[in-house]
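Data block below; observations after.
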Amino acid sequence: MEKQSPSYDTNQEVNQKPKNDEEINDDLDLLYSGLFSLENGPAYRTLEHLLTISSISKTDADKYKESISKIFSMLMQKIDSEKQLLRTSKDLEVKLGQIAIELEKLNAQSYQDSALIADLKRELLKGQNESSLCMERDSKLENERDEQVKIKLDVLSDIEQARQHKVDMLEPQLVASNKELRLDILQRKQQIENLKKDFEEKRESYDEILKTKERLDVEQEKYSISLTKASELPPKLIKQNEILKDAIYSLQQETVKQSSLSLTLDTEIIKLTKKKQEIEKDRNESQTEVETKMLQIEALEAQTDEIFRNHELAKEQLSIQKTEKIKLDYANKHCAQDIRKEHDNLLKCFRDKENMLKLYVRLENQVNNIRNLIPKLEGQKNELDRALQSQQQENKIIKAKIRNSRQEIDIDIFHYLQQDDLDIKEREALQQSLTTLEKLEKRLHEAQAGSKLIQQTMNQINLERDLRVRELTKVKQKLKDMKEECRVKSGIVKDNYKKQLEVAQRLKDTMHLYDSVKAERNKYVNMIQASTQKISEMREKVRILGNEVDILRCDLNNKDKDLAKKIHENAALFNIRDSLRNDVNRAAFSYKEKEGIIEQNAGLIEILTHNISDCETKLKELKNKFKSAVKARNKVGVQLLERQDEVCVLYEKINFQEGLLNEGNLKLSQLDEEIRILKLAIKELERDIELLKKIRPEKFENVNEINLLQKQLDEIKEKADNLGLELENPQNQVRFRHLDGTDLHVSELSAKVRKLEEKIAKKEETLIEKDLTLEEVTKLTIRLSEKTKDSSETSTAASKKINELQNKLKDVNNSMMATISELSLVQAKCIQLRGEKENKAREFEEAKERFSSGSEPIPRFDDELQKIVKEKERRIKQLDEMKNSDFIFENDGFEDINGVRTTAKLRPNAYLNESDNLPIPKPYGLYAPFKPTESIYHLKQFKKQILKQVEI
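Read in the UniProt record's numbering, the sequence shown has 720 at position 720, and its numbers run on one by one without any break.
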């Protein structure tokens, strides 16, 4: 497609009016539609002409054509943008017109609102006396309310102090008892663990002794077999009987030692059993104490539940009181609305009365003025009649004179014409003057006839004017009636507006009721959820406690079973011990019987002594092992204590390092701030450098100097590199010098290396140990930090809950105070209304009694009735006079103030305080508040200071 551009004269200036969108589009289409194509344009023709002449090459022509096409496309884009701008401008003009219309509407509404505000202010000024009375009543009621609020606050403070005293008394006891129980339980557990360890050690030692005893029994049996074998030997061995006796004696001593050891073990077992019994007793006592403490805790929980129930009952009573208060408020508002309606009706009546009185006074004044004007008008009329009669007589005399003068003139002319001496010219002049005179007379007659006609038309116009004036009076009367109707309709509109406001107020009250009911419902739902949550938590706690109790019972049962097993094993061991004693006695008896046989076995005694010596060595080794084990155990205990001390020291170090870390973090933050400031300073310096570069004209000279200095610096760097290479050259003998002294031998160096390696190994071991301890400590610290975090989170959550509950309690207390104050107000109003009702009932009963006795029911009732009848008659007369009177009273600038007609302006006896929320007028008086003057002009330019609320 070929785009075409318009052909038009640029010298012509066209002034057009604003058009519609369609007209603008048509004009733009005419302007920018295709009147010539680009290829048939003058630019393309000139280029082709130049090509034909061969003054331009083909490539240059193509380039020019492309540039022309681009320019043409840009021009078309510009045209499109101009179209869019014109459309947008048109839309904006339309919008501006709409906005101007809306502004005019708003101005009209503002005028109407100002008129309404003026009416309302007048009504407020009229209701001044009533407001002052209401203020006095409110002040009395406020004083009573303040007294009641103070009493209520004292009572509530006493209740809160009692509750806090109970809570403060109970909480520390519970905490202390819980802590004591936990400490007792931990101590008991530690004692049980220690006793278990001691019992296990004793048991191990007892098992070792049993094993040695069994081994000795086996050896004894072997010796008995050897004795039986030795009895068969010849009597040569009798000499060795002494040696055997010595060995037997030593064996008997060892048996005595073993028996003493067994006795000591028995005593220790008895002690352990006693300790176990004592522990059981302590455990039973602790269980009883725990049960008593649990009972105390349950009692305290029951007390707290009772307090909570009482609190909930108080909340329910408060909500009931709130509902009753809302009902009373609703009823009170209805009563106030009814009173307001009656008051508005009364004000309407007073207003109508005042308007009628004003009209009556105006009409009366106008009638008096007319009566006063009547004699003056009559005098003027008489004077005008006399002047008219005198004028008519003068007219008659003048007419008679004119006739006589005309007759004389005619006679003189006749005599003058009869003279012989006259010339022809004089006669002609005289005739001409006569003809002109006749013409003038004719004109005079015509003018008189015209004046008569004009007078007739004037009379007709005056009649028409009178008729128009009468019609105008009628129209004015109709206009007045219409204004009256408009005023009545405006009153109806105001009543309807007031009704609308009342309906809106009722709707607001119902919305407030709905919001309060909704809030109470949400509160009860939240309370139900909280109670269910608490119940579930308590159930979970009960379940956990039950599980713990079951676990403890299972542990107790297992321990009882283990104890019974241990008792049974001890009894079996006692039986074994008794049987072993019997066997020893039997063995001694058999030994006495077989002493003769033993004497024969002297040869074998040496072997037995050798075996006994081996046993002794083994026993010594066992004793040494036992002592080493005891020492190792003691060392382990000491090491554990040392480790605990080290752990405490490490905890202290960790705390110290955490403090250092916090300080480091603070310093890091300070350094970050300094770095940020330095960065900003660097940026500012760079900006200053760039500005100086731009400002200074010596830039190029400085750049040349910088290049020269850079070259010199590169040369100096090359010299430094060359000098360094010369220094590092190993062939240069001046570079180094030989040291004096002798080197060590290889063996000595190796010994030193070994020592150093051993030291390194020890250091590595210590480092590994420290790393392990560090890892354990870090694990413990991580666990402790997690526990502390959990505890802190729980504590924060608990503190938040406590704060929320405290805020809720404060809100509840505030609402209770407000309800009580409102109830006191309502009670005071009820008492006042009750008193009025009693007075009215008393008056009604007195009137009944008087009426039944035949006298007047209410004294001075006849006088008041006569006054009302007279006032009605006066109003009726006034209305009749207004209807009969033809004269219409207009606004003459007079106003009726307390029965006196004056043009003076009303002097204000009260003012409206702008600081109050309600525009209640405050009266001027002896001790009235100061009337604020208008602010000075320059003070109006300052912004009013906004006081910030103090947040606690």
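We put the CB at the ideal spot given by N, CA and C, even for glycine.
*Can you tell me whether DSSP reads Leu744 as helix, strand or coil?*
Along the sequence shown, read from residue 1 onward, the residue named residue 744 stands at position 744. Residue state, collapsed to three classes: coil.
*In whole angstroms, what is the alpha-carbon distance linking residue 957 and Val488?*
In this structure the chain extends from 1 to 952, so residue 957 is not present and cannot be described.
*Got a sec: is the Cβ-Cβ distance from Asp352 to anything in chain C below 8 Å?*
Here there is only one protein chain, and chain C is not present.
*Euclidean distance between Cα positions of Lys694 and Ala681*: As a first step, residue 694 is located in the sequence shown; it is residue number 694 there, counting from the start. As a first step, residue 681 is located in the sequence shown; it is residue number 681 there, counting from the start. If I take the Cα positions, the gap works out to 20 Å.
*Out of curiosity, what's the CA-to-CA distance linking His610 and Ala629?*
In the sequence shown, counting from the first residue as 1, residue 610 sits at position 610. In the sequence shown, counting from the first residue as 1, residue 629 sits at position 629. Between His610 and Ala629, the alpha-carbon positions lie close to 28 Å from each other.
*Is the CB-CB distance between Lys58 and Leu50 below 8 Å?*
Residue mapping note: residue 58 aligns to position 58 of the sequence shown, counting from 1. Residue mapping note: residue 50 aligns to position 50 of the sequence shown, counting from 1. No; because the gap between Cβ atoms is not below 8 Å, this pair is not in contact.
*With burial defined as no fewer than 16 other Cβ atoms inside 10 Å of the residue's Cβ, what is the status of Leu183: buried or exposed?*
Within the sequence shown, numbered from 1, the residue matching residue 183 stands at position 183. Classification for Leu183: exposed.
*Indicate whether the contact test is met: 3 or more Cβ pairs, each with one atom in the region 500 to 509 and one in the region 298 to 308, closer than 8 Å.*
no
*asked:* Less than 8 Å between the C-beta atoms of Ser516 and Ile326, yes or no?
replied: Counting from one through the sequence shown, the residue named residue 516 turns up at place 516. Counting from one through the sequence shown, the residue named residue 326 turns up at place 326. Yes, these two residues count as a Cβ contact at 8 Å.
*Return the Cβ separation of Met356 and Arg842 in integer angstroms, given the expectation that the two are a contact with Cβ distance under 8 Å.*
Position 356 of the sequence shown, counting from 1, holds the residue named residue 356. Position 842 of the sequence shown, counting from 1, holds the residue named residue 842. Not a contact, Cβ separation roughly 37 Å.
_Tell me the rounded alpha-carbon separation between Ala588 and Lys213._
Walking along the sequence shown from the start, residue 588 turns up at place 588. Walking along the sequence shown from the start, residue 213 turns up at place 213. For Ala588 and Lys213, the distance between alpha carbons rounds to 17 Å.
*Would Asn15 be called buried (16 or more neighbouring beta carbons within 10 Å of its own) or exposed?*
To locate residue 15, count along the sequence shown from 1; it is residue 15. Note that Asn15 scores a pLDDT of 37, beneath 50, so its modelled location is shaky and nothing firm can be said.
*Indicate the three-state DSSP secondary structure (helix, strand or coil) for Ser57 in the structure shown.*
As a first step, residue 57 must be located in the sequence shown, where it is residue number 57. DSSP places Ser57 in coil when its eight states are reduced to three.
*Distance, Val155 Cα to Asn813 Cα*: Residue 813 sits at position 813 when you count from the first residue of the sequence shown. Residue 155 sits at position 155 when you count from the first residue of the sequence shown. Roughly 12 Å between the two C-alpha positions.
*Give the C-beta separation of Lys152 and Ile820 to the nearest angstrom, bearing in mind that I take them to be a contact with Cβ-Cβ under 8 Å.*
Stepping through the sequence shown from its first residue, residue 152 is reached at position 152. Stepping through the sequence shown from its first residue, residue 820 is reached at position 820. Indeed, because the Cβ distance is near 5 Å, the residues count as touching under 8 Å.
*Roughly how many angstroms separate the alpha carbons of Ile544 and Asp550, rounded to a whole number?*
Taking the sequence shown and counting its residues from 1, the one referred to as residue 544 is at position 544. Taking the sequence shown and counting its residues from 1, the one referred to as residue 550 is at position 550. Cα to Cα, the separation comes out at about 10 Å.
*Considering only residues of the same chain and omitting the five flanking positions on each side of Asp27, which have a CB-CB separation below 6 Å?*
To locate residue 27, count along the sequence shown from 1; it is residue 27. Reliability fails at Asp27, whose pLDDT of 49 lies under 50, so the model's placement of it is uncertain and no value is given.
*Measure how close the beta-carbons of Ile654 and Thr788 come, nearest whole angstrom, since I'm counting them as under 8 Å.*
Translated into positions along the sequence shown, residue 654 becomes position 654. Translated into positions along the sequence shown, residue 788 becomes position 788. Incorrect: roughly 13 Å between the Cβ atoms, too far for contact.
_To the nearest angstrom, how far is the alpha carbon of Arg783 from that of Asp790?_
Taking the sequence shown and counting its residues from 1, one reaches residue 783 at position 783. Taking the sequence shown and counting its residues from 1, one reaches residue 790 at position 790. The alpha-carbon atoms of Arg783 and Asp790 are separated by roughly 10 Å.
_Closest Cα partner of Gln253 within the set Arg676, Ile612 and Asp60_ = Taking the first residue of the sequence shown as 1, we reach residue 253 at position 253. Of the candidates Arg676, Ile612 and Asp60, the one whose C-alpha sits nearest the C-alpha of Gln253 is Ile612.
*Compute the beta-carbon to beta-carbon distance between Phe199 and Leu272, rounded to the nearest angstrom, for a pair I have assumed lies under 8 Å.*
Within the sequence shown, numbered from 1, the residue matching residue 199 stands at position 199. Within the sequence shown, numbered from 1, the residue matching residue 272 stands at position 272. The pair is a contact, with the Cβ atoms about 6 Å apart (cut-off 8 Å).
*How many Å lie between Gln84 and Leu678 at the Cα?*
Here the question's residue 84 lines up with position 84 in the sequence shown. Here the question's residue 678 lines up with position 678 in the sequence shown. It is roughly 52 Å from the alpha-carbon of Gln84 to the alpha-carbon of Leu678.
_For Arg309 and Arg188, believed in contact at Cβ under 8 Å, the rounded distance_ = Position 188 of the sequence shown, counted from the start, is the residue given in the question as residue 188. Position 309 of the sequence shown, counted from the start, is the residue given in the question as residue 309. Between Arg309 and Arg188 the Cβ distance is about 38 Å, and since that is not below 8 Å, they are no contact.
*For Leu650, is the classification buried or exposed, using 16 other Cβ atoms within 10 angstroms of its Cβ as the cut-off for buried?*
As a working mapping, residue 650 is identified with position 650 in the sequence shown. Per the 10 Å Cβ criterion, buried.
*With contact counted as at least three CB pairs below 8 Å, one residue from each stretch, are the region 342 to 359 and the region 519 to 539 in contact?*
no
_One question on the structure: do Lys881 and Leu363 come within less than 8 Å of each other, judged by their Cβ atoms?_
Residue mapping note: residue 881 aligns to position 881 of the sequence shown, counting from 1. Residue mapping note: residue 363 aligns to position 363 of the sequence shown, counting from 1. It is Glu, not Lys, that sits at residue 881 in the sequence shown. Closer than 8 Å, so yes.
*Between Tyr64 and the rest of its own chain, which residues show a CB-CB distance below 7 Å, the 5 nearest in sequence each way excluded?*
Position 64 of the sequence shown holds residue 64. If the five residues before and after Tyr64 are omitted, its C-beta is found closer than 7 Å to the C-beta atoms of Leu47, all from its own chain and listed in chain order.
*Give the straight-line distance between the Cα atoms of Lys870 and Gln878, rounded to the nearest whole angstrom.*
Along the sequence shown, one-based indexing puts residue 870 at 870. Along the sequence shown, one-based indexing puts residue 878 at 878. If I take the Cα positions, the gap works out to 12 Å.
*Would a C-beta distance cut-off of 8 Å place Ser824 and Arg137 closer than the cut-off?*
Along the sequence shown, read from residue 1 onward, the residue named residue 824 stands at position 824. Along the sequence shown, read from residue 1 onward, the residue named residue 137 stands at position 137. Contact flag unset, no.
*Which residue's Cα is closest to the Cα of Lys274: Gln98, Asn368, Arg470 and Leu563?*
Counting from one through the sequence shown, the residue named residue 274 turns up at place 274. Lys274 has its Cα closest to that of Leu563, out of Gln98, Asn368, Arg470 and Leu563.
*Measuring CB to CB, does Leu210 end up less than 8 Å from Ile279?*
Numbered from its first residue, the sequence shown carries residue 210 at position 210. Numbered from its first residue, the sequence shown carries residue 279 at position 279. No, they are not a contact pair.
*Alpha carbon to alpha carbon, how far is Leu749 from Glu642? Give it in angstroms, no decimals.*
As a position in the sequence shown, residue 642 is number 642, starting the count at 1. As a position in the sequence shown, residue 749 is number 749, starting the count at 1. Between Glu642 and Leu749, the C-alpha separation is close to 39 Å.
*Beta carbon of Ala828, beta carbon of Leu141: below 8 Å?*
Here residue 828 refers to the residue found at position 828 when the sequence shown is read from its first residue. Here residue 141 refers to the residue found at position 141 when the sequence shown is read from its first residue. Result yes, Cβ atoms of Ala828 and Leu141 sit closer than 8 Å.
*Please report the Cβ distance between Asn570 and Ile269, rounded to the nearest whole angstrom; I am assuming they are in contact, meaning their Cβ atoms lie under 8 Å.*
Position 570 of the sequence shown, counted from the start, is the residue given in the question as residue 570. Position 269 of the sequence shown, counted from the start, is the residue given in the question as residue 269. Between Ile269 and Asn570 the Cβ distance is about 6 Å, and since that is below 8 Å, they are a contact.
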